[in-house]
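Asker: Residue numbers (the numbering used here): 157 to 493. C-beta: ideal position from N, C-alpha, C; glycine also. Since this is a predicted model, take the numbers as computed values, not measurements. Quick one: structure below, then a few questions.
Structural data, given as structure tokens:
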């Protein structure tokens, strides 16, 4: 079987953009390592509430300036765009801080704690005239660009079933962020957002949501399985847990074939398309991953757009609305919501 796959723009050929990193944690390190190496972007500043930590981060990644406060970071005149990499509970505040300073913003997923907070951020961005996007890097990876194109061209026929899971053993630290409701911890916002966003990407907004889960001792969700219904035929099953490592695979089944995505499905990976007795395995580029979303921001900013066509604001809100309903059914609420 011969598959015609779309071309993914080279991140190294994107317009240059100067980044400031807000937060100096683990995921910020990945961004600071990959974006300057694998895209045309540069990280020119980092901000942390702890200046010593910011300086250590800057030294580690060869970043010119370290700021001992988030307000100083967003006020840096050499920063064009801010990457928000703080806990979910802080995303709305930090995104709005950057927007008020006139900076374009890329906010780690989950974008905010809930859909209402996301709408506040997007309203502020619209008023200020700056670009904002959720950092759901999976949407921009070569394998997902190819899968989305195949599904939309009908390569496997009408899609009737989508399965995706994401499980990691992340409950080792009882005082850590992931078990802390004040920091919007739990499996859903960190892990479940991937399979749910995957289902939204391929099938759109569901007509109905049915969720079952189990809570950790701190009353955040330890795991959940979510059933999404689309019309009279299509279903998606999305699972997440922070109590065990799972295969992290995905499958899309249609009336004429299926696509199996190797784990972890949310990162650079391979996939196999099956139609009848024919199987074709596709192996896109496997370097990095964060450079693709950074390049999308740079292209949109250069074009004067406020949102990405691949991941528009309405899509981020829709995913959060699904997760709001999952939390309602499972019984999870965060302080201050």
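What's the C-alpha gap between residue 375 and residue 488?
Answerer: Here residue 375 refers to the residue found at position 219 of the chain shown. Here residue 488 refers to the residue found at position 332 of the chain shown. So the alpha carbons of these two residues sit roughly 7 Å apart.
Asker: In chain order, what residues of the same chain have a beta carbon less than 8 Å from the beta carbon of residue 172, not counting five sequence neighbours either side?
Answerer: The residue you call residue 172 lines up with position 16 of the chain shown. If we look at residue 172 and ignore the five residues flanking it on each side, its Cβ neighbours are 196, 197, 198, 454.
Asker: When DSSP labels each residue in this structure, what does residue 294 get in the three-state scheme?
Answerer: As a first step, residue 294 is located in the chain shown; it is residue number 138 there, counting from the start. Helix, per DSSP.
Asker: Please determine, among 418, 268, 259, the residue with the shortest C-alpha to C-alpha distance to residue 249.
Answerer: Translated into the one-based positions of the chain shown, residue 249 becomes position 93. Checked all of 418, 268, 259; the closest Cα to residue 249 is 268.
Asker: Let me confirm a value: residue 328 is counted as buried when at least 16 other C-beta atoms fall within 10 Å, else exposed. Which label applies?
Answerer: Counting from one through the chain shown, the residue named residue 328 turns up at place 172. When all chains shown are included, residue 328 counts as exposed.
Asker: Which runs of the beta strand (DSSP E) at least 3 residues long sit entirely within the region 224–267? Give them in chain order.
Answerer: If we require 3 residues or more, the beta strand (DSSP E) runs fully inside the region 224–267 come out as 237–240, 260–264.
Asker: Compute the beta-carbon to beta-carbon distance between residue 281 and residue 462, rounded to the nearest angstrom, for a pair I have assumed lies under 8 Å.
Answerer: As a position in the chain shown, residue 281 is number 125, starting the count at 1. As a position in the chain shown, residue 462 is number 306, starting the count at 1. With a Cβ gap of about 6 Å, residue 281 and residue 462 count as contacting.
Asker: Does the contact criterion of 3 or more C-beta pairs under 8 Å hold for the region 346–366 versus the region 288–300?
Answerer: yes
Asker: Can you round the beta-carbon distance between residue 349 and residue 367 to whole angstroms, since I take them to be within the 8 Å contact cut?
Answerer: Here residue 349 refers to the residue found at position 193 of the chain shown. Here residue 367 refers to the residue found at position 211 of the chain shown. About 14 Å; that fails the 8 Å criterion.
Asker: Does the Cβ-Cβ distance between residue 346 and residue 334 come in under 8 Å?
Answerer: In the chain shown, the residue the question calls residue 346 occupies position 190. In the chain shown, the residue the question calls residue 334 occupies position 178. For residue 346 and residue 334, yes; Cβs fall inside 8 Å.
Asker: Cutting at 7 Å between CB atoms, please list the residues of its own chain near residue 474, excluding the five before and the five after it.
Answerer: Translated into positions along the chain shown, residue 474 becomes position 318. Cβ neighbours of residue 474 beyond the five flanking positions: 356, 361.
Asker: Are the beta-carbon atoms belonging to residue 398 and residue 343 less than 8 Å from one another?
Answerer: Here residue 398 corresponds to residue number 242 of the chain shown, with the count starting at 1. Here residue 343 corresponds to residue number 187 of the chain shown, with the count starting at 1. Yes. Within cutoff.
Asker: Does the structure place the region 217–235 close enough to the region 440–455 that three or more beta carbon pairs sit under 8 Å?
Answerer: no
Asker: Return the Cβ separation of residue 301 and residue 164 in integer angstroms, given the expectation that the two are a contact with Cβ distance under 8 Å.
Answerer: If you number the chain shown from 1, residue 301 lands on position 145. If you number the chain shown from 1, residue 164 lands on position 8. Right, their Cβ atoms sit about 5 Å apart.
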